[in-house]
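Below is one structure; the comments refer to it alone.
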Amino acid sequence: MTIRVVAKNYVKPEKTQEFLGLCRKLVEASLKDEGCIDYGLYQELENSGNLTFLEEWKDEKSLDQHLNSSHFKEIFPLLSEYLEKETEVNVYRKTL
1 MTIRVVAKNY VKPEKTQEFL GLCRKLVEAS LKDEGCIDYG LYQELENSGN
51 LTFLEEWKDE KSLDQHLNSS HFKEIFPLLS EYLEKETEVN VYRKTL
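For the sequence shown, UniProt numbering gives the first residue as 1, with consecutive numbering after it.
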(Lines of atoms letter the chains of each structure in order from A; the text may use other names.)
(Lines give C-alpha, C1' and ligand atoms only; values in the text may rest on other atoms or scores of the structure.)
Protein backbone atom coordinates (compact mmCIF):
# COMPACT_ATOMS: atom_id res chain seq x y z
CA MET A 1 0.00 0.00 0.00
CA THR A 2 1.15 3.51 -0.74
CA ILE A 3 2.43 5.96 1.85
CA ARG A 4 1.35 9.60 1.95
CA VAL A 5 3.21 12.34 3.82
CA VAL A 6 1.70 15.68 4.82
CA ALA A 7 4.35 18.12 6.07
CA LYS A 8 2.92 21.51 7.05
CA ASN A 9 5.26 24.51 7.31
CA TYR A 10 4.48 27.88 8.89
CA VAL A 11 6.79 30.26 7.06
CA LYS A 12 7.78 33.72 8.29
CA PRO A 13 6.08 36.20 5.90
CA GLU A 14 9.32 37.95 5.00
CA LYS A 15 11.02 34.62 4.23
CA THR A 16 8.45 33.08 1.86
CA GLN A 17 10.36 33.66 -1.39
CA GLU A 18 13.62 32.27 0.01
CA PHE A 19 11.75 29.27 1.40
CA LEU A 20 10.15 28.63 -2.00
CA GLY A 21 13.55 28.81 -3.71
CA LEU A 22 14.96 26.05 -1.50
CA CYS A 23 11.80 24.00 -1.81
CA ARG A 24 11.91 24.16 -5.60
CA LYS A 25 15.26 22.34 -5.52
CA LEU A 26 13.93 19.76 -3.08
CA VAL A 27 10.78 19.07 -5.12
CA GLU A 28 12.69 18.75 -8.40
CA ALA A 29 15.16 16.26 -6.92
CA SER A 30 12.55 14.32 -4.95
CA LEU A 31 10.34 13.75 -7.99
CA LYS A 32 13.28 11.77 -9.44
CA ASP A 33 13.56 9.50 -6.39
CA GLU A 34 12.75 5.85 -6.98
CA GLY A 35 9.28 5.06 -5.68
CA CYS A 36 8.07 8.67 -5.73
CA ILE A 37 4.52 8.83 -7.08
CA ASP A 38 3.90 12.51 -6.33
CA TYR A 39 5.75 15.27 -4.48
CA GLY A 40 4.61 18.87 -4.40
CA LEU A 41 4.45 22.00 -2.29
CA TYR A 42 1.02 23.59 -1.81
CA GLN A 43 0.20 27.05 -0.49
CA GLU A 44 -2.89 27.54 1.67
CA LEU A 45 -5.39 29.86 -0.01
CA GLU A 46 -6.33 31.83 3.10
CA ASN A 47 -2.87 32.03 4.66
CA SER A 48 0.00 32.25 2.16
CA GLY A 49 2.55 31.55 4.91
CA ASN A 50 1.22 28.01 5.35
CA LEU A 51 3.05 25.85 2.83
CA THR A 52 2.52 22.10 2.87
CA PHE A 53 4.41 19.29 1.19
CA LEU A 54 2.05 16.58 -0.06
CA GLU A 55 3.94 13.45 -0.98
CA GLU A 56 3.00 9.97 -2.16
CA TRP A 57 5.42 7.04 -2.09
CA LYS A 58 5.18 3.52 -3.44
CA ASP A 59 6.04 2.05 -0.03
CA GLU A 60 7.88 2.71 3.24
CA LYS A 61 11.19 1.63 1.73
CA SER A 62 10.90 4.36 -0.93
CA LEU A 63 10.13 6.97 1.72
CA ASP A 64 13.10 5.82 3.83
CA GLN A 65 15.41 6.08 0.82
CA HIS A 66 14.13 9.62 0.20
CA LEU A 67 14.71 10.62 3.83
CA ASN A 68 18.30 9.36 3.52
CA SER A 69 18.97 10.96 0.13
CA SER A 70 21.66 13.60 -0.19
CA HIS A 71 19.22 16.25 -1.46
CA PHE A 72 16.85 15.74 1.49
CA LYS A 73 19.64 15.73 4.07
CA GLU A 74 21.14 18.86 2.50
CA ILE A 75 18.00 20.97 2.02
CA PHE A 76 15.46 19.98 4.69
CA PRO A 77 17.55 21.16 7.69
CA LEU A 78 17.98 24.58 6.03
CA LEU A 79 14.22 25.15 5.89
CA SER A 80 13.87 25.53 9.66
CA GLU A 81 15.45 29.00 9.67
CA TYR A 82 12.51 30.28 7.60
CA LEU A 83 9.81 28.90 9.89
CA GLU A 84 7.79 30.46 12.70
CA LYS A 85 7.44 27.04 14.34
CA GLU A 86 8.49 23.44 13.76
CA THR A 87 7.18 21.57 10.71
CA GLU A 88 4.20 19.31 11.44
CA VAL A 89 4.70 15.95 9.72
CA ASN A 90 2.07 13.22 9.47
CA VAL A 91 2.60 9.93 7.63
CA TYR A 92 -0.32 7.83 6.40
CA ARG A 93 -0.72 4.38 4.88
CA LYS A 94 -3.51 3.91 2.36
CA THR A 95 -5.95 1.35 3.72
CA LEU A 96 -8.85 1.40 1.22
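The beta-carbon is built from N, C-alpha and C at its ideal position, and this holds for glycine as well. From a predicted model like this one, the values you see are computed outputs, not experimental measurements.
Suppose the cutoff is 6 angstroms on Cβ atoms and the five residues either side in sequence are ignored; what does the same chain contact list for residue i look like?
i	result
Leu63	Ile3, Trp57
residue 124	Only positions 1 to 96 of the chain appear in the structure, and residue 124 is not among them; the question remains open.
Glu84	Tyr10, Lys12
Alpha carbon to alpha carbon, how far is residue j from residue i? Give it in angstroms, no decimals.
i	j	result
Asp59	Glu86	26 angstroms
Leu45	Thr52	11 angstroms
Glu18	Leu67	22 angstroms
Have a look at the options and flag the residue whose alpha-carbon is nearest the alpha-carbon of residue i.
i	options	result
Gly35	Phe19, Glu44, Ser69	Ser69
Asn50	Lys32, Val6, Leu78	Val6
Pro77	Leu26, Gln17, Thr16	Leu26
Phe72	Ala29, Val91, Tyr82	Ala29
Mind checking whether the beta-carbon of residue i lies closer than 7 angstroms to any heavy atom of the ligand ZN?
i	result
Phe76	Here there are no bound small molecules, and the ligand ZN is not part of this structure.
Residues bridged to residue i by DSSP?
i	result
Ile3	Trp57, Arg93
Would you say residue i and residue j are within 8 angstroms of each other, going by their C-beta atoms?
i	j	result
Gln65	Asp38	no
Leu22	Ile75	yes
Ser48	Thr95	no
Leu54	Gly40	yes
By Cβ distance below 7 angstroms, which residues in the same chain neighbour residue i in space, the five residues on each side in sequence not counted?
i	result
Tyr82	Val11, Lys12, Lys15, Glu18, Phe19
Asn90	Val6
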